[in-house]
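Residue numbers (the UniProt record's numbering), protein chains in the order written: chain C, 1 to 133; chain D, 1 to 133.
For each residue, glycine too, the CB sits at the ideal point set by N, CA and C.
To start, the structure under review is shown below, and the notes come after it.
Protein chains: 2
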Amino acid sequence: MNTNVRIPQFVGKECDMSNWDAGNCPVRDVINQISGKWSTLLLQALAGRPYRFGELRRLVPDISQRMLTQTLRELQRDGYIDREVFPTKPPSVEYRMTELGMSLFLPLSQVLDWAEANHAAVKAARVRFDAEA
Amino acid sequence: MNTNVRIPQFVGKECDMSNWDAGNCPVRDVINQISGKWSTLLLQALAGRPYRFGELRRLVPDISQRMLTQTLRELQRDGYIDREVFPTKPPSVEYRMTELGMSLFLPLSQVLDWAEANHAAVKAARVRFDAEA
DNA sequence: ATATGTCGCTCTCAAAAAGAGACTAGGGAT
DNA sequence: ATCCCTAGTCTCTTTTTGAGAGCGACATAT
Numbered sequence: 001m002n003t004n005v006r007i008p009q010f011v012g013k014e015c016d017m018s019n020w021d022a023g024n025c026p027v028r029d030v031i032n033q034i035s036g037k038w039s040t041l042l043l044q045a046l047a048g049r050p051y052r053f054g055e056l057r058r059l060v061p062d063i064s065q066r067m068l069t070q071t072l073r074e075l076q077r078d079g080y081i082d083r084e085v086f087p088t089k090p091p092s093v094e095y096r097m098t099e100l101g102m103s104l105f106l107p108l109s110q111v112l113d114w115a116e117a118n119h120a121a122v123k124a125a126r127v128r129f130d131a132e133a
Numbered sequence: 001m002n003t004n005v006r007i008p009q010f011v012g013k014e015c016d017m018s019n020w021d022a023g024n025c026p027v028r029d030v031i032n033q034i035s036g037k038w039s040t041l042l043l044q045a046l047a048g049r050p051y052r053f054g055e056l057r058r059l060v061p062d063i064s065q066r067m068l069t070q071t072l073r074e075l076q077r078d079g080y081i082d083r084e085v086f087p088t089k090p091p092s093v094e095y096r097m098t099e100l101g102m103s104l105f106l107p108l109s110q111v112l113d114w115a116e117a118n119h120a121a122v123k124a125a126r127v128r129f130d131a132e133a
C-alpha cells in the first residue's frame, strides 16, 4: 500500500499517494472540497452576488440547513467565500465570494457551461447504457 | 418546496428546482456525477491512456474495489468512458475515455490546473480560518 | 500434486456522511 | 399573547462509503 503513485501523463504534477493522509496531492486536496454535492451550486450562486443565509436556502430548496451551514463553512475555510455578520435584529449574515473564489470560478464555470451544453448527450448515453443492460 | 428557483445572474441557464427529481437542472444532473470523490481522479488517469481495472486499483491505492467498480460504471453510464472485455484467462477489462469524456476533460483539466496552482493559497486560508476560530 | 497467485468483480457488514426536522434567542408585527 | 423572522445547532434516521471476504477458472511455484 505504500506505493509511490504517479499518473504518467502528468509528470511534473504527480501525486504521491503514499502519504495521501498528509494531504500531499494538491488536486485531490482542493477538488475533494469543491466537489461536494452542494459546493458548486453555492459557488455558482455567490459568483453572481452576495447572498444571505436564508436567501441561499430559498434558492436551493432541497438543501438542508445543516448541509447549507456546513458547506458554507467549508467554502469559507478554504478561502472561497467571506462571511460577514450584521448585528441587526434579527441578525443577518452575508456570504460573498473572495478574489480566490472568483479565480476558481473562472475555470469552474467552463465546466458548468460544458455540463449545460452536453446534458443531452449524457442523458442519451444513460438511456443507451440502461437499454443494453 | 415547490418554488421556482432561478439563479439571477444565470438567466437563460436557470434551474427549475421544483421538478428537481425529474432531473431538469442540467448542471446539477451532470455535475453530481463527476463530483464524486473518485470520478475526477479516474477521469484524469483515463485522459492519459486506457487502463485496466487492476492498474487503476494500483494507481489509486486508497480506493476500494467496490467504489472503483461503482465509479467506473457511473462514468460508463454517462458516456465518459468505454469498457471493453478481453476474454483472456484470466479475463482482462480495459477502460478508455470516449470522445465525450475527452471533451469534458478539456474544461475540467483547467480546474485541475487551478487546483494545483492555488493549493498553497487554499492551505493558507485554512490555517488562517483555523487560527481565528 | 498441491498450494498459491492473478483477474475483475460481487457480497456482507461496519462506519461515516447526509437528510429531516425540532429547538434556540431576541425582537417585531398582528 | 401569539406567531414569525433571523442563523444557526442538536438529534435521529436513512443513505453512502469503506474494509475485506469469496468466487471461478486458469497460470505458476514448490
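Closer than 8 Å to chain C by CB, residue i
i, result
"Ser-64(D)", "no"
"Glu-94(D)", "no"
"Lys-89(D)", "no"
"Gln-70(D)", "no"
"Pro-50(D)", "no"
"Gly-85(D)", "This sequence places Val at residue 85(D); Gly is not what is there. Not one chain C Cβ lies under 8 Å of Val-85(D)."
"Glu-116(D)", "yes"
"residue 144(D)", "Past the edges of chain D, shown from 1 to 133, lies residue 144(D), and the structure says nothing about it."
"Ala-131(D)", "no"
"Gln-79(D)", "For the record, residue 79(D) in the displayed sequence is Gly; it is not Gln. So, interface residue."
"Ala-22(D)", "Bear in mind that the predicted position of Ala-22(D) carries a pLDDT of just 45, short of 50, making it too unreliable to give a figure here."
Neighbour flag for residue i against chain D, beta carbons, 8 Å
i, result
"Glu-55(C)", "no"
"Leu-82(C)", "Here residue 82(C) turns out to be Asp, not Leu, going by the sequence shown. No, Asp-82(C) lies away from the interface with chain D (no Cβ there is under 8 Å from its Cβ)."
"Val-11(C)", "Because the pLDDT of Val-11(C) is 40, which lies under 50, any placement of that residue in the model is unreliable, and the number read from its coordinates should be weighed accordingly. With 8 Å as the cut-off, Val-11(C) does not count as an interface residue toward chain D."
"Leu-75(C)", "no"
"His-119(C)", "yes"
Residue environment, residue i, which counts as buried when at least 16 other CB atoms sit within 10 Å
i, result
"Arg-28(D)", "buried"
"Ala-133(C)", "exposed"
"residue 141(C)", "There is no way to answer for residue 141(C), as the model of chain C reaches only from 1 to 133."
"Asp-21(C)", "With a pLDDT of only 45 at Asp-21(C), under 50, the local geometry of the prediction cannot be trusted, and no value is derived from it."
"Gly-101(C)", "buried"
"Leu-106(C)", "exposed"
"Gly-79(D)", "buried"
"Gln-65(D)", "exposed"
"Glu-74(C)", "buried"
"Ala-115(C)", "buried"
"Val-60(C)", "buried"
"Val-127(C)", "exposed"
"Ala-131(C)", "exposed"
"Ala-45(C)", "buried"
"residue 145(D)", "Chain D is shown from 1 up to 133; residue 145(D) falls before or after that span and cannot be answered."
Cβ separation of residue i and residue j, assumed to be a contact under 8 Å, to the nearest whole Å
i, j, result
"Gln-70(C)", "Phe-129(D)", "Not quite, the Cβ-Cβ distance comes to about 14 Å (not below 8 Å), so this is no contact."
"Ile-63(D)", "Thr-40(C)", "Not really, about 22 Å apart at Cβ, beyond 8 Å."
"Ser-35(D)", "Lys-37(C)", "7 Å"
"Leu-43(D)", "Leu-108(D)", "7 Å"
"residue 139(C)", "Arg-96(C)", "Outside the modelled stretch of chain C, which goes from 1 to 133, sits residue 139(C), for which no answer is possible."
"Gln-33(D)", "Gln-110(C)", "Actually they do not touch by this definition, with Cβ atoms about 17 Å apart."
The region 119-131 of chain D touching the region 71-90 of chain D, judged by at least three CB pairs closer than 8 Å: no
Any 3 or more C-beta pairs closer than 8 Å across the region 44-56 of chain C and the region 92-109 of chain C: yes
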